[in-house]
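K.L.:
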Amino acid sequence: MFLSVFDLYKIGIGPSSSHTMGPMTAGGLFLAELKNGQWPRPTGVKVDRLRVHLHGSLAFTGIGHATDRAVILGLCGLLPATIDPNQMDALLETVKQEKRIHPEGHPAYRFDPAADLIMDRRTPLPGHANGMAFEAYDADERLLLRRIFYSIGGGFVVTEEELESAKTRTAPKAEDPVPFPFKNAAQMLAMSEESGLSIAEMKRRNEEIFMSRDDLNAGLDRVWSAMRSCIDRGLEQEGIMPGGLKVKRRARYLHDRLQEEWRQNRMNPLLANDWLSVYAMAVNEENAAGGRVVTAPTNGAAGVVPAVLRYYLHFHDDADADGIRDFLLTSAAIGGVIKHNASISGAEVGCQGEVGSASAMAAAGLAAVMGGSAAQIENAAEIALEHHLGMTCDPVAGLVQVPCIERNALGAVKAVTAASLAIKGDGTHFVPLDACIETMRQTGRDMNERYKETSLGGLAVNVVEC
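The number in the numbering used here is simply the position in the sequence shown, starting from 1, with 621 added.
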């Protein structure tokens, strides 16, 4: 099983990896199929109009998660990693007024967002809670092409055929062409002991099968640069976040208070926790505003890993660029194991799969740069994940704001606590990480759908003002 560090850490835009980045990517995939022409249609017939149906969680919380905007931008040919957030509003307004889209390399297609972007809350698609159907019609309204995509969390998108193939595959897959193809934590620990390499070193050897060491380091540095920039932007902004809840940004105010305490040398026994919380909230306020963020492993949980990394740089005198890279590699190894054996999608398993996974990844990364052994790193990840088990995903009004922003702050605090506890032990512990991951998968399977990113239960229906 190989999942690249850059699959888990994608640079994109907020507020949601599964509801924003995934649908935008799906729009690009549909455009690519339209352009290659390798699908049956009558001779001489041309695509005139496009239509998109959003189902399940994408329909219930699509407006709050900006899924409608993401679909339009994707059909305009834009991608999460390269889109300029400052140009989005103008482009969306143009499509709304003209009722047409003009993707590069394509003819103009008719697309009226009011009529052609349909939130179907009644008909879930069978493959996944985040399903969407893209359709192309000719000038006589005859359906020419229909493709179904599923956004499965963390910005990953699969076709209907790919999802079905993964579910029905019975023959074992060929071994991954990497030197350390661990599929679970037990294999990861065994390979580390046998090879004498750290988790970060094994992950690096796997990545370097596909790229040079310099390219890997440059890519890791870009990821951290994007994370750091997101924190900095979040600490500079003020005002009300979009969406209608009128939630105020708090990161800058809290940051200014901490800076004042720092200058006055005031006693603050919660100083480290306060800084962690501010950093995490800064990222997720940026995410809620649709800014540029890094999935870590999702947008809804994007603040945990950057906050713990910034904490590492702030409070550890030996922190350096190599430490940051080892942190990211180690955390990605843990995230890959979680995704492979359970899920990182709130629509599949609730927030335990988003903030819980992020906290486990951050705990593992911090334990690694604190000098922890492979067993201590695995222990740190298990502690952090175990204490998120059962956490629901019930965003108020479908926005990635309440409880998501503060939840990232608490996920970062748990990660640091978990790493500290693990480092003080010898790596032996009662619950293996693999058992914790399997428990998360089972809990998500049994969890009522109302509590899995639909905003139909929990806080979403019990906050009177909403």
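Ideal Cβ placement from N, Cα and C applies to all residues, glycine included.
(1) Would you check if there are 3 or more beta carbon pairs closer than 8 Å linking the segment 646-653 to the segment 689-702?
(2) Leaving out five residues on either side along the sequence, give the residues of the same chain with a beta carbon under 8 Å from the beta carbon of Phe-831.
(3) Using a Cβ-Cβ cut-off of 7 Å (strictly less than) and excluding sequence neighbours within five positions of Cys-704, which residues of its own chain qualify?
(4) For Ala-1040 and Glu-1003, I'd like the C-alpha separation in whole angstroms.
(5) Is the Cβ-Cβ distance between Ser-639 and Gly-726 less than 8 Å?
(6) Leaving out five residues on either side along the sequence, give the residues of the same chain with a beta carbon under 7 Å from the beta carbon of Trp-660.
(7) On the DSSP bridge list, what partners appear for Cys-1014?
(8) Using the three-state DSSP reduction, which class does Asp-689 fall into: helix, strand or coil?
(9) Does DSSP put Ala-757 in a helix, a strand or coil?
(10) Using a Cβ-Cβ cutoff of less than 7 Å, which residues in the same chain neighbour Ala-903 once the five nearest sequence positions on both sides are dropped?
(11) Going by Cα to Cα distance, which pick from Leu-713, Ser-964, Gly-643, Ser-980 is closest to Ala-922?
(12) Give the single residue among Arg-887, Asn-1029, Gly-956 whose Cα lies nearest to the Cα of Ala-928.
(13) Leaving out five residues on either side along the sequence, give the residues of the same chain with a beta carbon under 7 Å from the beta carbon of Cys-1025.
(14) With DSSP as the reference, label Ser-1041 as helix, strand or coil.
(15) Strictly by DSSP, which residues pair up with Val-779?
(16) Once DSSP output is grouped into helix, strand and coil, what is the label at Met-809?
(17) Quick one: which unbroken beta strand (DSSP E) runs of 3-plus residues sit fully inside the segment 930-965? Chain order, please.
(18) Could you check the C-alpha separation between Asn-1069 and Pro-663 for me, to the nearest Å?
(19) With a threshold of 7 Å on Cβ separation, who are the neighbours of Lys-869 within its own chain once the five nearest residues in sequence on each side are excluded?
(20) Please tell me whether Ser-819 and Ala-989 are closer than 8 Å, where the distance is taken between their beta carbons.
P.N.:
Taking the geometry as given:
(1) yes
(2) The residue labelled residue 831 in the question sits at position 210 within the sequence shown. Ser-625.
(3) Sequence index remark: in the sequence shown, residue 704 carries index 83 (1-based). The sequence given here places Ile at residue 704; Cys does not occur at that position. Closer than 7 Å at the Cβ level, and outside the excluded window around Ile-704, lie Ile-634, Leu-694.
(4) Along the sequence shown, one-based indexing puts residue 1040 at 419. Along the sequence shown, one-based indexing puts residue 1003 at 382. Roughly 10 Å separates the two Cα atoms.
(5) One-based indexing of the sequence shown puts residue 639 at position 18. One-based indexing of the sequence shown puts residue 726 at position 105. No; because the gap between Cβ atoms is not below 8 Å, this pair is not in contact.
(6) As a first step, residue 660 is located in the sequence shown; it is residue number 39 there, counting from the start. Excluding positions up to five away in sequence, the list reads Glu-654, Leu-766.
(7) As a position in the sequence shown, residue 1014 is number 393, starting the count at 1. Answer by DSSP bridge pairing, in chain order: Lys-1073.
(8) Your numbering for residue 689 matches position 68 in the sequence shown. It is helical.
(9) Start at 1 with the first residue of the sequence shown, and residue 757 comes out as number 136. In the structure shown, Ala-757 sits in a strand (DSSP, three-state: E or B).
(10) As a first step, residue 903 must be located in the sequence shown, where it is residue number 282. Closer than 7 Å at Cβ, skipping near neighbours: Ile-852, Gly-855, Leu-856, Ala-872.
(11) Numbered from its first residue, the sequence shown carries residue 922 at position 301. With distances taken between Cα atoms, Ala-922 lies closest to Ser-980.
(12) Against the sequence shown, residue 928 aligns to sequence position 307. Of the listed residues, the one whose Cα sits closest to Ala-928 is Asn-1029.
(13) Counting from one through the sequence shown, the residue named residue 1025 turns up at place 404. Asn-905, Gly-921, Pro-1016.
(14) In the sequence shown, the residue the question calls residue 1041 occupies position 420. Residue state, collapsed to three classes: helix.
(15) On the sequence shown, residue 779 is found 158 positions in, with the first residue counted as 1. Beta-bridge pairing links Val-779 to Tyr-771.
(16) Residue mapping note: residue 809 aligns to position 188 of the sequence shown, counting from 1. The answer is helix: DSSP assigns Met-809 an H, G or I state.
(17) none
(18) By 1-based counting over the sequence shown, the position of residue 1069 is 448. By 1-based counting over the sequence shown, the position of residue 663 is 42. If I take the Cα positions, the gap works out to 45 Å.
(19) Numbered from its first residue, the sequence shown carries residue 869 at position 248. Ile-861, listed in sequence order.
(20) Residue mapping note: residue 819 aligns to position 198 of the sequence shown, counting from 1. Residue mapping note: residue 989 aligns to position 368 of the sequence shown, counting from 1. Contact flag set, yes.
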